[in-house]
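S.K.: If you count by our numbering, then the sequence shown holds residues 61 to 363, one letter each, in order. Supplied in structure tokens, the structure appears directly below.
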Amino acid sequence: MADDRTEKTIEKYRNYKAQDEAKIEQEFLKGTKNENLGVYCDIFSAKSGVDGQDGGIVTALLVKGIKEGIFDLAIVVQRKEGYNAEAVVAENVNDVMAARGTKYLRVRVTPKLRELVDQGKKKIAIVCTPCEVRAARKIQQTLKRNSSNQEVTILGLFCFEAFNGAKLKEEIKTRLGVDIDKAEKTQIRKGKFIMHLKGKEYSCKVRDLGKAVEKGCHYCDDFSAQLADISVGSVGSQSGYSTVIVRSEAGKKLLENLDIAKEDAEKEEIIKLSRLKKQRAEKSFVSRLQSTTTKNQKRIDIT
Ligand SMILES: Cc1cc2nc3c(=O)[nH]c(=O)nc-3n(C[C@H](O)[C@H](O)[C@H](O)COP(=O)(O)OP(=O)(O)OC[C@H]3O[C@@H](n4cnc5c(N)ncnc54)[C@H](O)[C@@H]3O)c2cc1C
Ligand code: SF4
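Listed below in structure tokens is the structure:
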């Protein structure tokens, strides 16, 4: 239970965040607002012809966007040596294809967006986790305020949590006896972390990898990238398909005539995960505030 002071601080933070989000929604999004899914105008499950992480939808959208000149460049995340990753600028279809697949790491992509904006690039797409979507929208708000003609399209990924690369390597070695640096593909599905290596599959429960989760993720309350133009994830779809949430005119335009097979998505699954993530964030926030208050109290008692 939170005490009065903690409750007040949380309330203040909630109000500030709600106002901030409402502004972004008003400026960039279009559709009906759902408490757990955010603003959206369409939601479905889909599979493209691309062999991606799930339905290859993100890559298919980027390829289409580049081919049709909807954007000139895309900021994607590419695997580096071992199980590390970095944000890179894809200038053509080959670059986009080379970045397929999820790297379950927290990668800061918005510094690259700032660089491209500073270079005067006109039409930029960016793929990011919900935390980075928010940062990308801030940059876009500044562009809008300055009446810039630079356009940014934001493709958000569902995200429950990300791992610290070094800690994940250690945990996987201990639990599965293999080196994640050599993994050909990693996947999280139905509560399991799955690693593909030389034709074999190794897996453990995601919950057993708790020690490797980035600390900041415990305070994060957005699962489905609620401020993106299009959000894509695996939850809500059968294996080999992606769940797609369309949230803006820019998102709608990008999806037009995309060659995909469509099905209904299981909305309830996304709602369940979204609620769970919000509850975890709230709990972490309360316990952090309470421990800070106790520490400060102790300091006052000593002096
Ligand atoms: C850290 C993380 C956690 C996730 N957790 C969940 C989850 O809990 N539930 C769920 O349903 N979905 C989750 N996803 C999303 C899911 O794994 C797929 O990325 C999504 O379904 C898109 O699939 P696709 O086949 O369309 O992707 P693809 O067509 O294969 O394209 C993937 C795109 O994602 C980009 N990318 C890869 N890693 C990162 C990264 N770390 N940061 C930013 N961009 C990246 C690549 O550059 C590529 O453009 C997570 C993604 C990330 C990055
Ligand atoms: S859980 Fe939140 S903070 Fe962590 S990587 Fe995902 S979106 Fe970012």
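We treat Cβ as the ideally placed atom computed from N, Cα and C, and that holds for glycine. As the structure is a prediction and not an experimental result, all values here were calculated from the model.
With distances taken from each beta carbon to the nearest heavy atom of ligand 2, which residues come in below 6 Å, in chain order?
M.R.: Residues with a Cβ closer than 6 Å to any heavy atom of ligand 2, in chain order: R166, T189, P190, C191, C219, E221, A222, E274, G276, C277 and C280.
S.K.: Using CA atoms only, rank isn't needed, just tell me which of A222, R139, N75 and G116 is closest to F253.
M.R.: Residue mapping note: residue 253 aligns to position 193 of the sequence shown, counting from 1. Here the closest residue by C-alpha is A222.
S.K.: Is L336 helix, strand or coil by DSSP?
M.R.: Mapped onto the sequence shown, residue 336 falls at position 276. L336: helix per DSSP, three-state reduction.
S.K.: Residue range of the beta strand (DSSP E) that R249 falls in?
M.R.: The residue given as residue 249 occupies position 189 in the sequence shown. Segment K245 to R249, the beta strand (DSSP E) holding R249.
S.K.: Beta-carbon within less than 7 Å of I126's beta-carbon, same chain only, minus the 5 sequence neighbours each way: which residues are those?
M.R.: Looking up residue 126 in the sequence shown gives position 66. Answer for I126: A134, N152, V153 and V156, listed in chain order.
S.K.: Pull up the DSSP beta-bridge partners for R146, would you.
M.R.: Counting from 1 along the sequence shown, the entry for residue 146 is found at position 86. Checking the sequence shown, residue 146 turns out to be Glu, not Arg. Note: E146 sits in a beta bridge opposite Q138.
S.K.: Judging by CA-CA distance, which residue of E146, K182 and A150 is the nearest neighbour of R366?
M.R.: Residue 366 lies beyond the residue range present for the chain, which begins at 61 and ends at 363; the question has no answer from this structure.
S.K.: Among Q210, T170 and E244, which has the Cα closest to the Cα of L257?
M.R.: Working through the sequence shown from its first residue, we reach residue 257 at position 197. Of the listed residues, the one whose Cα sits closest to L257 is E244.
S.K.: Within the chosen definition, does the stretch 83–97 reach the stretch 61–72 through at least 3 CB pairs nearer than 8 Å?
M.R.: These segments do not touch.
S.K.: With DSSP as the reference, label V279 as helix, strand or coil.
M.R.: Within the sequence shown, numbered from 1, the residue matching residue 279 stands at position 219. First, the residue type needs correcting, since residue 279 is Tyr and not Val in the sequence shown. Helix, per DSSP.
S.K.: Can you give me the start and stop residues for the beta strand (DSSP E) that A321 sits inside?
M.R.: Taking the first residue of the sequence shown as position 1, residue 321 is located at position 261. First-last of the beta strand (DSSP E) with A321: A321 to E323.
S.K.: I want to check one thing, is the minimum distance from the CB of A145 to the heavy atoms of ligand 1 below 7 Å?
M.R.: Indexing the sequence shown from 1 puts residue 145 at position 85. At least one heavy atom of ligand 1 is nearer than 7 Å to the Cβ of A145, so yes.
S.K.: Just the C-alpha distance for F88 and S308, rounded to the nearest angstrom, thanks.
M.R.: The count along the sequence shown starts at 1 and reaches residue 88 at position 28. The count along the sequence shown starts at 1 and reaches residue 308 at position 248. For F88 and S308, the distance between alpha carbons rounds to 7 Å.
S.K.: Mind checking who T213 pairs with in its DSSP beta bridge?
M.R.: What you label residue 213 is simply residue 153 of the sequence shown in a count that begins at 1. According to DSSP, which records beta bridges pairwise, T213 is partnered with A185.
S.K.: Hey, T170 and A195 are a contact pair by Cβ (cut 8 Å); roughly how many whole angstroms apart?
M.R.: Translated into the one-based positions of the sequence shown, residue 170 becomes position 110. Translated into the one-based positions of the sequence shown, residue 195 becomes position 135. Correct: roughly 4 Å between the Cβ atoms.
S.K.: By DSSP, does F218 sit in helix, in strand, or in coil?
M.R.: Within the sequence shown, the letter at position 158 stands for residue 218. The answer is coil: DSSP assigns F218 none of H, G, I, E or B.
S.K.: Closest to Q298 by C-alpha separation, out of D282, C280, I232 and A321, would be which residue?
M.R.: Residue 298 sits at position 238 when you count from the first residue of the sequence shown. Closest option to Q298, Cα to Cα, is A321.
S.K.: Please classify L336: is it buried, with 16 or more other beta-carbons within 10 angstroms of its beta-carbon, or exposed?
M.R.: As a working mapping, residue 336 is identified with position 276 in the sequence shown. The residue is exposed, with fewer than 16 neighbouring Cβ atoms inside 10 Å.
S.K.: Going by CA-CA distance only, name the one from E192, T352 and G98 that's closest to K327.
M.R.: In the sequence shown, the residue the question calls residue 327 occupies position 267. Residue G98 is the option with its Cα nearest to K327.
S.K.: Report yes or no: do the stretch 336–347 and the stretch 277–295 share at least 3 C-beta pairs separated by less than 8 Å?
M.R.: Result yes; three or more Cβ-Cβ pairs closer than 8 Å.
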